[in-house]
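So the sequence shown is residues 478 to 685, counted in this note's numbering.
We treat Cβ as the ideally placed atom computed from N, Cα and C, and that holds for glycine.
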Amino acid sequence: MIHEILPVGPLQCNCSIIGDESTREAMVIDPGDDIADVQALIGKHSLQVKQIVITHAHIDHVGGAMKLRAATGAPILINENDYALLKLLDVQAAWLGMQDPGKVDVDHSLRELDKVQAGSLTAKVLHTPGHTEGSICLHFPAEQKLIAGDTLFAGSIGRTDLPGGSFDKIIRSLRDKLLVLPDETVVVPGHGRLTTIGEEREHNPFLK
Ligand SMILES: [Zn+2]
478 MIHEILPVGP LQCNCSIIGD ESTREAMVID PGDDIADVQA LIGKHSLQVK
528 QIVITHAHID HVGGAMKLRA ATGAPILINE NDYALLKLLD VQAAWLGMQD
578 PGKVDVDHSL RELDKVQAGS LTAKVLHTPG HTEGSICLHF PAEQKLIAGD
628 TLFAGSIGRT DLPGGSFDKI IRSLRDKLLV LPDETVVVPG HGRLTTIGEE
678 REHNPFLK
């Protein structure tokens, strides 16, 4: 498995480029910004991007999606419960003092237990509302890896005070969908350093 993690944009969103070593097919998760750098990594590994997956419709995660789609022809996938939030990228940009990336066209919705494929790599979609209504995580069971978006961080969890956020929902998502995964599962959060389910189960103050 090829896995490059590139922090992009002013908020340093962790963009993941995940590719199959033999077929060179890939998916890019959360191309929030710095698409030229993302493309350079795609080129370095001679990958063909088949899927653009967005964990949730915050501008720092989705801002570069249309540019990447134009460059690769790959479809943009996001959970339908975040479509409303996706229409407010101009408002989000104004809050953060960023440039409005313009309208994002979604190719289709990703729902609970849908599968996203790149070559022999398969990710299972976990719908984990709380940070936003349409937040999803991607679980690669064979590789014991979880792309967690802004649902789970090393030592913390996603904020729930923005529109569409719910503390009760994020706690339920964490308990029902993420803490049931094996301890060895490596977690790639939407921001900051990597962790594991076991480490968070033991030390994360929000999960006690
Ligand atoms: Zn977010």
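Proximity test, residue i beta-carbon vs ligand 1 heavy atom, cut-off 6 angstroms
| i | result |
| --- | --- |
| D627 | yes |
| H535 | yes |
8 angstroms contact criterion, which residue i and residue j should meet: CB distance rounded
| i | j | result |
| --- | --- | --- |
| M575 | P508 | So it is not a contact: roughly 15 angstroms between Cβ atoms. |
| S612 | T628 | 6 angstroms |
| M478 | I494 | No, M478 and I494 are not in contact; Cβ-Cβ is about 11 angstroms, not under 8 angstroms. |
| Q489 | I536 | Their Cβ separation, rounded to whole angstroms, is 13 angstroms, which puts Q489 and I536 out of contact at 8 angstroms. |
| A625 | V664 | 5 angstroms |
| A547 | I529 | With 8 angstroms as the limit, A547 and I529 do not qualify as a contact, their Cβ atoms being about 11 angstroms apart. |
| L539 | V581 | The sequence shown places Val at residue 539, not Leu. About 6 angstroms separates the two Cβ atoms, so the contact holds. |
| L566 | D559 | Not confirmed; about 11 angstroms, so no contact. |
Candidates the options: closest to residue i by CA position
| i | options | result |
| --- | --- | --- |
| A561 | E589, I512, T500 and P640 | P640 |
| T672 | C492, S633 and Q525 | S633 |
| H533 | G520, S523 and I506 | I506 |
| C614 | G579, A570 and L554 | L554 |
| V602 | L684, S650, C492 and S499 | S650 |
| E498 | D638, L524 and P666 | L524 |
| V657 | G675, A600 and T637 | G675 |
| D660 | L483, Q621, V583 and G579 | Q621 |
6 angstroms Cβ shell around residue i - same chain, five flanking residues per side excluded
| i | result |
| --- | --- |
| R670 | A631 |
| E589 | H604 |
| T599 | K592 |
Own chain, CB closer than 7 angstroms to residue i, minus 5 neighbours either side, in chain order
| i | result |
| --- | --- |
| H680 | G632 |
| T549 | V526 |
| G635 | G607, H608, D627, T628 and I647 |
| K544 | I512 |
| D584 | P552, I553 and L554 |
Close-in-space but distant-in-sequence residues of the same chain around residue i (CB under 8 angstroms, 5 per side omitted)
| i | result |
| --- | --- |
| H522 | I479, E481, I494, G496, R501 and A503 |
| L587 | V530, L554, I555, N556, V593, V602 and I613 |
| S597 | D497, S499 and T500 |
Next item on the list: Report the residue ranges of all beta strand (DSSP E) runs contained in full by the segment 551 to 595; include only those spanning at least 3 residues, in chain order.
Entry: 592 to 595
Checklist line | Ordered list of beta strand (DSSP E) runs contained in the segment 598 to 649, each at least 3 residues | finding: Listed in chain order, the complete beta strand (DSSP E) runs (minimum 3 residues) inside the segment 598 to 649 are 598 to 604, 613 to 617 and 622 to 626.
Next item on the list: Output the residue ranges of the alpha helix (DSSP H) runs that lie fully inside the segment 489 to 558 and measure 4 residues or longer, sorted by chain position.
Entry: 512 to 521, 536 to 539 and 542 to 549
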